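Novice:
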Amino acid sequence: MKKTILILLGCFFCASAAQAQLKVVTASTDLKYICEQVGGPEVKVESLASGDQDLHMVEPRPSMVFKLKKADMVVRVGLDLDMWMDSLINAARNKALFYGAPGYVDASAGVPLLEKPEGKVDASMGDIHIYGNPHYWLDPANAKKVAQNIKAGLKRLRPEKAEFFEGNCSAFEREVDARLTGWERRMAPLKGLKVVTYHSSWPYFARRFGLEVVGHVEPKPGIPPTASHLDELVKLMKRDGVRVILSESYYPRKGPDFLAARTGAELVQAPVSTGGAKGVATYFDVFDTVIAGIEKAAAR
Ligand SMILES: [Zn+2]
């Protein structure tokens, strides 16, 4: 009898402790990392995509719907990068996560966007990003805005913990600023370095750190390279003296390897998200790794 009561009590405390944590589902691992920094022990966060996955094309799975059914909050990259989440949120029928609900967070809100298409967008442009370039987290400064958006969501759901979230968010922003100073110092000698990137994932990174993106391995967004496009790129890279090719770690190596062999440029296989490569355990590790790769390639 006594034992049963103890077990029951134990279960009760487990259950109430688990209930106390807000269940958050994020689209990407970077959003997960930032949410954990702001939410601390108040949140339990799961990312739908893994760090080495191409966020343009995540295949919806029943397990993802299941996660969203149980979630209190969802955090999206926004714009058109994670449109695959729409059908998942609908399938989960969890009203707390619907657009405009307190548990809905669009991490891109308020981030100044680059590459907004002008004029009419049509199919001839490939999988162009119709609202502007959504790869904004590759400028660490934008992570501060992301953290603030997440903080606002957490405060809506747990107003009594507002001060705690505020403190965590400020600490995260200070860490971003401190690290950014170091990264900018490292990249300063490479100002104006011309690079070719696989996809246009890097305009925010390039602007922040003074790189010049002169071409893409993709002839158009989402379209694999053709032989004629690669030949044109070889000419352009030779003319402009491009020494570095930056390729998101999930893209095939064939195109970049061809360019590297023809031009002598160095290929940097770069993680674009937390968990995107071995040793890239945090959002900050992404920049440590990419910048180290660029330094090494440019020094050759
Ligand atoms: Zn893209």
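Residue numbers (the numbering used here): 15 to 314. Glycine included, C-beta positions come from ideal geometry on N, C-alpha and C. On a predicted model such as this, the values are computed, not experimentally measured, just so you know.
1. At the level of alpha carbons, what is the spacing between Ile-164 and Pro-203?
2. Report the three-state DSSP secondary structure of Ala-185 (helix, strand or coil).
3. Below 8 Å on the Cβ atoms is my guess for Gly-11 versus Leu-128; work out the distance and round it to an integer in Å.
4. What does the alpha-carbon distance come out to for the pair Gln-33 and Thr-40?
5. Going by DSSP, name the residue or residues bridged to Glu-262.
6. Mind checking whether Gly-92 and Ser-122 have CB atoms under 8 Å apart?
7. Excluding five sequence neighbours on each side, which residues of the same chain lie with their C-beta closer than 7 Å to the C-beta of Lys-109?
8. For the alpha helix (DSSP H) that Asp-44 lies in, which residues bound it at each end?
9. Considering only DSSP beta bridges, list what Asp-120 is partnered with.
10. Could you please give me the residues that DSSP links to Ser-61 through a beta bridge?
11. With distances taken from CA atoms, which of Thr-288, Leu-244, Ser-42 and Lys-83 is nearest Leu-69?
12. Per the DSSP calculation, Gly-229 is bridged to which residue(s)?
13. For ligand 1, is there a heavy atom less than 7 Å away from the beta-carbon of His-230?
14. Give the DSSP-derived three-state secondary structure of Phe-26 in the structure shown.
15. Run through DSSP, which three-state label would Ser-215 get?
16. Measure how close the beta-carbons of Lys-37 and Lys-84 come, nearest whole angstrom, since I'm counting them as under 8 Å.
17. Along the chain, where does the alpha helix (DSSP H) that runs through Ala-275 open and close?
18. Taking the Cβ atom as the reference point for each residue, do Ala-311 and Glu-262 lie within a distance shorter than 8 Å?
19. Would you give the residue range spanned by the alpha helix (DSSP H) that Gln-162 belongs to?
20. Using 8 Å as the cut-off, can you tell me whether the region 215-232 makes contact with the region 149-165, which would need three or more C-beta pairs spanning the two stretches below that distance?
21. Is Phe-112 helix, strand or coil by DSSP?
22. Taking the CB atoms as reference points, tell me whether Arg-79 and Ala-105 lie closer together than 8 Å.
23. Trp-98 lies in the alpha helix (DSSP H); which residues open and close that run?
24. Do you know offhand how far Asp-299's Cα is from Arg-107's?
25. Thinking C-alpha only, which one of Asp-191, Phe-301, His-213 and Ala-291 is nearest Lys-158?
26. What did DSSP end up calling Ala-295 once you bin it into helix, strand or coil?
27. Looking only at its chain, what residues have a beta carbon closer than 8 Å to the beta carbon of Asp-271, apart from the 5 residues adjacent to it on each side?
28. Does the distance between the C-beta of His-143 and the nearest non-hydrogen atom of ligand 1 fall short of 7 Å?
29. Out of Val-256, Leu-168, Asn-156 and Ser-215, point me to the one whose CA is closest to Arg-188's CA.
30. Assuming Trp-197 contacts Ile-103 under a Cβ cut-off of 8 Å, what Cβ separation, rounded to an integer in Å, is found between them?
31. Could you give the DSSP three-state label for Glu-73: helix, strand or coil?
Specialist: On the basis of the coordinates in this document:
1. 35 Å
2. helix
3. Nothing about residue 11 can be read from this structure; the chain reaches only from 15 to 314.
4. Its pLDDT being 49, under 50, Gln-33 is placed unreliably in this model, and the coordinates cannot settle the point.
5. Ala-284
6. yes
7. Ala-115
8. 43-53
9. Arg-90
10. Thr-40
11. Ser-42
12. Val-210
13. no
14. In this prediction, Phe-26 has a pLDDT of 49, which is less than 50 and means its spatial position is unreliable; nothing more can be read from the coordinates.
15. coil
16. 6 Å
17. 268-277
18. no
19. 154-171
20. yes
21. coil
22. The amino acid occupying residue 79 in the given sequence is Val; Arg does not appear at that position. It is a contact, given that the beta carbons lie within the stated cut-off.
23. 98-106
24. 36 Å
25. Asp-191
26. coil
27. Leu-281
28. yes
29. Asn-156
30. That belief does not hold up - the Cβ atoms of Trp-197 and Ile-103 are roughly 35 Å apart, past 8 Å.
31. coil
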